[in-house]
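Trainee:
There are 2 protein chains.
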Amino acid sequence: MGITERRLREKEKVRSAILSTAWQMVKEEGWQSLSIRKIADSIEYSVPVIYDHFENKEAILAEFANEGFRLLSKKVQQAKEKHKDPVNQLKAMADSYWNFALKNREYYRLMYGVGMACCEGGSLCDKEGFDYFIMEAIKRAIPKSKQPDAHVCLKYHTFWSILHGLVSIKIMESSPVSGELNKMVLDDAVEGFVKNLA
Amino acid sequence: MGITERRLREKEKVRSAILSTAWQMVKEEGWQSLSIRKIADSIEYSVPVIYDHFENKEAILAEFANEGFRLLSKKVQQAKEKHKDPVNQLKAMADSYWNFALKNREYYRLMYGVGMACCEGGSLCDKEGFDYFIMEAIKRAIPKSKQPDAHVCLKYHTFWSILHGLVSIKIMESSPVSGELNKMVLDDAVEGFVKNLA
DNA sequence: TTACATTTGCTAACAGTGTTAGGTAAAATC
DNA sequence: GATTTTACCTAACACTGTTAGCAAATGTAA
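Heads up: the sequence lines are chains A and B, in that order. Residues in the first sequence are numbered from 1 upward in steps of one, following the numbering used here. Residues in the second sequence are numbered from 1001 upward in steps of one, following the numbering used here.
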């Protein structure tokens, strides 16, 4: 009964051909330009074959997102295992999270839906105007030692990152985990930021 | 010579009709389902008329993104003006940023490209697995007082927000502002977080 | 070996999308 | 009144995701 097994193997081959071709496209041109027809063309099968393996286009992208989560998890775990002290562990995990995201941008984009067609050109949008207000306040909040401009700029970026991170996580989740918890997280993060200004 | 002026007014009317119809669609069904044809249908003009007012679809969305930045800027400025103390100003600005984003989700999405088709269903992706590792480290890093689970969970969310915010800002920008600055921001934010654990 | 059933893969279509070329009729200018 | 300009539309091009229906190849049973 090796025949059906060979069949299964060949089916699996097609499936992984779809995935590898799709992933190459996503890496090279971004997830927005992934197309079922282009995949079919590349693996030299007709279009409906793809629908025998994946319910739709989104399912293919979800596959990559999940793979991204698995990879990230592993990296974070490995980073943690290199240290004993919990504070060092946290720092190492933050580092590995950071490294993973920047070395695997397309994974991260798929995982968290970051980056759209709009505003990718860079100068398409006027960017922020609030940077001035925030920086001014930071400048005054920092103890009157030297407070060089670079330091203020750094603190501004930190402040903004905290805000943006919290907001974009909150905005993504369909189930509103609990509005109060999120407000507490915001306050907690801002509190920590302010304390660390000193 | 009021004729040409009336003409200009009427042209402006069409333009704003496009924008208001488009904005309604974006608000109701998300930016991904905005369609030139649907706009044309709604304003009772043919499709090419829209291209007399906007270079392409992206330009319409960019219009909204810019409007979002203007609105956010104003909100942040107003929040700041309500206080004198810089620390209170920072807290108020964080609050207003937060409120703006959650009350104007579609603006924020357009401004920063948050949220994609994929993973919007919620359970489409397995979400994270690293939450366990991080929470465990946090639990051990917190002074051995009470450390109720809620507190650990809160700290985990803060930690993650900081990471995600920094990463997604970094990933979006086309011009790599300076890799070193970003690494410093990460370290700064993590440092502040750890200090605030006590 | 023949008859039926299943799997496999295809063509072709449906219903959309953004964008643009080219033509017509009305309005403004000369 | 003739001519240019503007406003606007139809129709097409080149794509997209998705699916219905058919044909051939294969596997199973009588």
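All C-beta atoms in this analysis are idealised placements derived from N, C-alpha and C, irrespective of residue type, glycine included.
Would you say residue 191 of chain A reaches chain B, if we count a Cβ-Cβ gap shorter than 8 Å as a contact?
Mentor: It does: the Cβ of residue 191 of chain A has a partner Cβ on chain B nearer than 8 Å.
Trainee: Could you tell me whether any Cβ in chain B is nearer than 8 Å to the Cβ of residue 89 of chain A?
Mentor: Yes - at least one Cβ of chain B is within 8 Å of the one on residue 89 of chain A.
Trainee: Taking only runs of the alpha helix (DSSP H) that begin and end inside the segment 1002-1059 of chain B, which ones reach a length of at least 4 residues, in chain order?
Mentor: If we require 4 residues or more, the alpha helix (DSSP H) runs fully inside the segment 1002-1059 of chain B come out as 1002-1029, 1036-1043, 1047-1053.
Trainee: Please state whether the Cβ-Cβ distance between residue 1026 of chain B and residue 94 of chain A is less than 8 Å.
Mentor: No, these two residues do not count as a Cβ contact at 8 Å.
Trainee: Where do the ends of the alpha helix (DSSP H) carrying residue 110 of chain A lie?
Mentor: First-last of the alpha helix (DSSP H) with residue 110 of chain A: 105-112.
Trainee: Would residue 86 of chain A count as contacting chain B if we go by Cβ distances under 8 Å?
Mentor: Answer yes: the Cβ-Cβ gap between residue 86 of chain A and chain B drops below 8 Å somewhere.
Trainee: Quick one: what does DSSP say residue 1191 of chain B is sitting in, helix, strand or coil?
Mentor: Of the three classes helix, strand and coil, the one that applies to residue 1191 of chain B here is helix, per DSSP.
Trainee: Between residue 1073 of chain B and residue 129 of chain A, which are expected to be in contact by the criterion C-beta below 8 Å, what is the C-beta distance as a whole number of angstroms?
Mentor: Correct: roughly 4 Å between the Cβ atoms.
Trainee: Hey, is residue 9 of chain A's beta-carbon within less than 8 Å of any beta-carbon in chain B?
Mentor: No, residue 9 of chain A lies away from the interface with chain B (no Cβ there is under 8 Å from its Cβ).
Trainee: Under the three-state reduction of DSSP, which class applies to residue 1092 of chain B: helix, strand or coil?
Mentor: Residue 1092 of chain B: helix per DSSP, three-state reduction.
Trainee: If we call anything under 8 Å between Cβ atoms a contact, is residue 1079 of chain B one with residue 1092 of chain B?
Mentor: Contact flag set, yes.
Trainee: Please report how far the alpha carbon of residue 35 of chain A lies from the alpha carbon of residue 57 of chain A, in whole angstroms.
Mentor: Rounded to the nearest angstrom, the two C-alpha atoms are 8 Å apart.
Trainee: Give a single yes or no on whether residue 23 of chain A has its beta carbon closer than 7 Å to a heavy atom of the ligand COA.
Mentor: No copy of the ligand COA occurs in the structure displayed, which carries no ligand at all.
Trainee: Using a threshold of 8 Å, state whether the C-beta atoms of residue 1050 of chain B and residue 1021 of chain B are closer than that.
Mentor: No; because the gap between Cβ atoms is not below 8 Å, this pair is not in contact.
Trainee: Can you tell me the Cα-Cα spacing of residue 1196 of chain B and residue 1060 of chain B, whole angstroms?
Mentor: Cα to Cα, residue 1196 of chain B sits roughly 43 Å from residue 1060 of chain B.
Trainee: Under 8 Å by Cβ, that's how I've got residue 1172 of chain B and residue 115 of chain A pegged, so tell me the actual separation to the nearest angstrom.
Mentor: Right, the Cβ-Cβ distance comes to about 5 Å (below 8 Å), so this counts as a contact.
Trainee: Please determine, among B:1029, B:1043, B:1152, the residue with the shortest C-alpha to C-alpha distance to residue 1016 of chain B.
Mentor: That would be B:1043, whose Cα lies nearest to the Cα of residue 1016 of chain B.
Trainee: If contact means a Cβ-Cβ distance below 7 Å, which residues of the segment 1025-1048 of chain B contact chain A?
Mentor: So the list is empty, because no residue satisfies the distance condition.
Trainee: Entirely within the segment 1129-1154 of chain B and at least 4 residues each: give me those alpha helix (DSSP H) ranges in chain order.
Mentor: 1131-1141, all fully within the segment 1129-1154 of chain B.
Trainee: Please confirm whether residue 172 of chain A has its beta-carbon closer than 8 Å to some beta-carbon of chain B.
Mentor: Cβ-Cβ to chain B under 8 Å: yes for residue 172 of chain A.
Trainee: Within the 8 Å Cβ cut-off, does residue 54 of chain A reach chain B?
Mentor: Cβ-Cβ to chain B under 8 Å: no for residue 54 of chain A.
Trainee: Would you report the Cα separation of residue 1133 of chain B and residue 89 of chain A, rounded to the nearest angstrom?
Mentor: Using only the alpha carbons, I get a separation of about 9 Å.
Trainee: Along chain A, which residues have their Cβ under 9 Å away from the Cβ of residue 1098 of chain B?
Mentor: Here the neighbours are 163, 166, 167, 170, 182, 183, 186.
Trainee: Give the residues of chain B in contact with residue 76 of chain A, contact being defined as C-beta atoms less than 8 Å apart.
Mentor: What residue 76 of chain A touches in chain B: 1130, 1133, 1134.
Trainee: With a threshold of 16 other CB atoms inside 10 Å of the CB of residue 1003 of chain B, please say whether the residue is buried or exposed.
Mentor: Flag for residue 1003 of chain B reads exposed.
Trainee: So, is the C-beta of residue 82 of chain A closer than 8 Å to a C-beta in chain B?
Mentor: Not an interface residue.
Trainee: Looking at residue 139 of chain A and residue 152 of chain A, is the spacing between their C-beta atoms short of 8 Å?
Mentor: Yes, Cβ-Cβ distance for residue 152 of chain A and residue 139 of chain A is below 8 Å.
Trainee: Of all Cβ atoms in chain B, is any one closer than 8 Å to the Cβ of residue 117 of chain A?
Mentor: Its pLDDT being 49, under 50, residue 117 of chain A is placed unreliably by the model, and the measurement read from it follows with that caveat. Answer yes: the Cβ-Cβ gap between residue 117 of chain A and chain B drops below 8 Å somewhere.
Trainee: If you reduce the DSSP assignment to three classes, tell me which class residue 197 of chain A lands in.
Mentor: Residue 197 of chain A: coil per DSSP, three-state reduction.
Trainee: Excluding five sequence neighbours on each side, which residues of the same chain lie with their C-beta closer than 7 Å to the C-beta of residue 1131 of chain B?
Mentor: 1156, listed in sequence order.
Trainee: Whose Cβ in chain A lies nearer than 9 Å to the Cβ of residue 1003 of chain B?
Mentor: What residue 1003 of chain B touches in chain A: nothing, since even the nearest Cβ is about 35 Å away.
Trainee: Does DSSP put residue 1170 of chain B in a helix, in a strand, or in coil?
Mentor: Helix, per DSSP.
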